[in-house]
Amino acid sequence: MSVVEIEQPAERSRVCEHVLRDLPEWFGIEEATASYIRDVADLPTFAIGDDAFLSLKLHTSRAAEVYVMGVRHERHAQGLGTALLRAAEELLRARGVEYLQVKTLGPSDPDAGYAHTRRFYEARGFVPLEEIHGLWEHNPCLLLVKRL
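The opening residue of the sequence shown carries number 141 in the working numbering; numbering runs sequentially from there.
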């Protein structure tokens, strides 16, 4: 499996849309999905073919965020998400970034798919820091962090 950094803005958005449209149970709010598709054009983005991608948002010289990541259903549990995270972390370490964060649906919402998402990040070294209410309109946001 080959992870590549996508250089062209339009290609970043194309891959993002292709993957997110395959994941309506995670990305079913059209306004949010459209924002991701638009925003990734300007963000460092890694992909594995048309099956998976990860986009980073650099907040400061020391902190970044997994802004959005998706893996098509038929490729779940095959190591694509882990490979994308490794590539992103290598890039961030090379730039001197010390902390990586990710936001996902908090555990006070019983959604089983997001419980799986939280387990994925925790298994890769992320630590739940805080569940925030009010950041997202009707959904609790869990902030997870990892020291690189």
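The beta carbon of each residue, even a glycine, is placed where N, CA and C say it ideally should be. From a predicted model like this one, the values you see are computed outputs, not experimental measurements.
1. Within 10 angstroms of its Cβ, does Ser201 collect 16 or more other Cβ (buried), or is it exposed?
2. Nearest-angstrom Cα distance between Ala181 and Gly210?
3. Taking contact to mean at least 3 C-beta pairs separated by less than 8 Å, is the segment 175-189 in contact with the segment 146-163?
4. Spell out the partners DSSP gives Gly210 in its beta bridges.
5. Mind pulling the alpha helix (DSSP H) runs of 4 or more residues that sit fully within the segment 196-263?
6. If you reduce the DSSP assignment to three classes, tell me which class Pro268 lands in.
7. Since Pro184 and Ser175 should fall inside the 8 Å C-beta cutoff, what is the C-beta to C-beta distance between them, to a whole number of angstroms?
8. Quick one: measure Cβ to Cβ for Phe193 and Val159, integer angstroms, because I've assumed they're closer than 8 Å.
9. Cα-Cα, which of Lys243, Phe260, Leu269 is closest to Cys281?
10. Which of helix, strand or coil does DSSP assign to Arg152?
11. Cα separation between Tyr254 and Arg161?
12. Nearest-angstrom Cα distance between Glu277 and Tyr239?
13. Which of the three DSSP states, helix, strand or coil, is assigned to Val144?
14. I need the straight-line Cα distance from Ala227 to Val206, nearest angstrom please.
15. Which one of Ser153, Arg287, Gly221, Arg235 has the shortest CA to CA distance from Arg258?
Here's the rundown:
1. It counts as exposed.
2. 15 Å
3. Between the segment 175-189 and the segment 146-163 there are three or more C-beta pairs closer than 8 Å, enough to call the two in contact.
4. Phe193
5. 220-234, 252-263
6. strand
7. Their Cβ separation, rounded to whole angstroms, is 17 Å, which puts Pro184 and Ser175 out of contact at 8 Å.
8. 6 Å
9. Lys243
10. helix
11. 17 Å
12. 26 Å
13. strand
14. So the alpha carbons of these two residues sit roughly 12 Å apart.
15. Gly221
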